[in-house]
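Heads up: the structure comes next, in C-alpha cells.
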Amino acid sequence: MGGQTIYYKTEEEIDLIRESSLLVGKTLAEVARAIKPGVSTLQLDKIAEICIRDHGAEPGFLGYNGFPNSLCTSVNAQVVHGIPNDIPLQEGDIVSVDCGVKMNGYYGDSAYTFAVGEISPEVKQLLKVTKESLQLGLEQAIAGNRIGDIGFAIQEHAEKHGYGVVRELVGHGLGRSLHEAPEVPNYGKRGSGIRLREGLVLAIEPMINLGQRNVKQLKDGWTIITADKLPSAHFEHDVVVRNGKAEVLSSFAMIEEVLGV
Ligand code: MG
Ligand code: MG
815 MGGQTIYYKT EEEIDLIRES SLLVGKTLAE VARAIKPGVS TLQLDKIAEI
865 CIRDHGAEPG FLGYNGFPNS LCTSVNAQVV HGIPNDIPLQ EGDIVSVDCG
915 VKMNGYYGDS AYTFAVGEIS PEVKQLLKVT KESLQLGLEQ AIAGNRIGDI
965 GFAIQEHAEK HGYGVVRELV GHGLGRSLHE APEVPNYGKR GSGIRLREGL
1015 VLAIEPMINL GQRNVKQLKD GWTIITADKL PSAHFEHDVV VRNGKAEVLS
1065 SFAMIEEVLG V
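In the working numbering, the protein residues as written are 815 to 1075.
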C-alpha cells in the first residue's frame, strides 16, 4: 500500500477518477462478452488491454510491482491476483476479473466475478451475496461515518450466510496512485477507524469465501487462494464519500447489459 497520507479529492479530480472507473466498467463489459467455456484468461487479458489502449488509457496493473498482465483473473478457489494463463475456462467455473486503468493521471479499479456457463446454485448464491455485501459497504461511504462501518456492513451480511470474509486483503484509497491510504477492511466494528470526509475516494472490494476465511499465496508470488480450496468471489467498486449519500464512480451497468441480468 502507499503512504499514510489521505488525499481528499477536488471535484475535478473526482470527475477524472469517474472517467477512469467507467472505462474499467466498459473494459469488463468487453471481457464479459468473451467469457465462455474454452476461452483462456490470457485471451481475456488481451481483449482488456486492447480496449484500455483504444481509449487512450494505460492498463493500471501491467508492471505494477512487476505484475505481468492487464487483468487479475482468479478462477474458483483463487481469491484475487491470479495471473492470466492459457488454460481454457470450463463450464461451471467462476472467474473474478479485476481491472485497473490509468487515464489523465488518475486510476480506476473495479472487479466482477463471472459465471462460466452454468454454475451450481450454491456458487450462484455466493456471487449474489458478495455483490450484496459490496452494495451494503458502499452505502456506508457517507461523511461522518467511520471506516469500520463499511467493513461491519460487509462482514455482517456475508457471515449471516455462513461465508468466510478474507482479512489479509483489503480495499483502499484511490486517485493518482492505485493504492492510497486508508486501508478499507471488509470486516470491522461499527463506529471504529478514521472518520469519513467528503472527497475521500475508496475502492471497496469484498473477497468472500464459500468456506473458511483463511487464504494462502501460491509460489508465483501473486495468486491468493482459499486454504480449503473452496470457491471465492470478489466484486469491487470505486466510491466517493459524500454528505448524505455515497456516490459510486464505477459501474456494472455495461457488464450486466452484456450478461442480461
Ligand atoms: Mg481491483
Ligand atoms: Mg482494488
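We treat Cβ as the ideally placed atom computed from N, Cα and C, and that holds for glycine.
Counting of Cβ neighbours within 10 angstroms places A848 among the exposed residues, the total staying below 16. Excluding sequence positions up to five before and after P902, its CB lies within less than 6 Å of the CB of G852 and S854, all in the same chain and listed in chain order.
Rounded to the nearest whole angstrom, the C-alpha separation of R981 and R1027 is 7 Å. Looking at the backbone, the Cα of P898 and that of F881 are separated by about 11 Å. For D963, the distance from the CB to the nearest heavy atom of ligand 1 is not below 6 Å. For E997, the shortest C-beta to heavy atom distance toward ligand 1 is 6 Å or greater. For G951, the enclosing alpha helix (DSSP H) has its first and last residue at P935 to L952. Secondary structure note for K916: it is in no alpha helix (DSSP H), and the uninterrupted beta strand (DSSP E) holding it is I908 to M917. Between ligand 1 and A925, a heavy atom-to-CB distance of less than 6 Å is present.
Selection H895, K823 and S835 evaluated against D1034 yields H895 as nearest (Cα-Cα). In this structure, ligand 1 has a non-hydrogen atom nearer than 6 Å to the beta-carbon of E1050. Residue burial annotation: N959 is buried, with at least 16 other C-beta atoms found within 10 angstroms of its C-beta.
Placement of the Cβ of A1017 at a distance of less than 6 Å from at least one heavy atom of ligand 2 is found. V911 sits close to T887, with the two beta carbons spaced by under 7 Å. Taking C-alpha positions only, Y1001 is separated from G922 by approximately 23 Å. Within the same chain, M917 come within 8 Å of G870 by CB-CB distance, once the 5 residues on both sides are set aside.
Just measuring C-alpha positions, the residue of G989, S1006, L1010 and I1018 sitting nearest V998 is I1018. In the DSSP assignment, I1069 falls outside any beta strand (DSSP E) and within the unbroken alpha helix (DSSP H) covering A1067 to L1073.
Around the beta-carbon of A1067, fewer than 16 other beta-carbon atoms lie within 10 Å, marking it exposed. Contact between the stretch 1001–1017 and the stretch 1046–1061 is present, with at least three C-beta pairs closer than 8 Å. Between the alpha carbons of V1072 and D859 lies a gap of roughly 18 Å. With a beta-carbon spacing of about 17 Å, K974 and F1049 fall beyond the 8 Å limit used to define contacts. Burial check for D963: the Cβ neighbour count within 10 Å reaches 16 or more, so the residue is buried.
Around the C-beta of N879, fewer than 16 other C-beta atoms lie within 10 Å, and the residue is accordingly described as exposed. Within a 10 Å sphere around the beta-carbon of R832 sit 16 or more other beta-carbons, which makes this residue buried.
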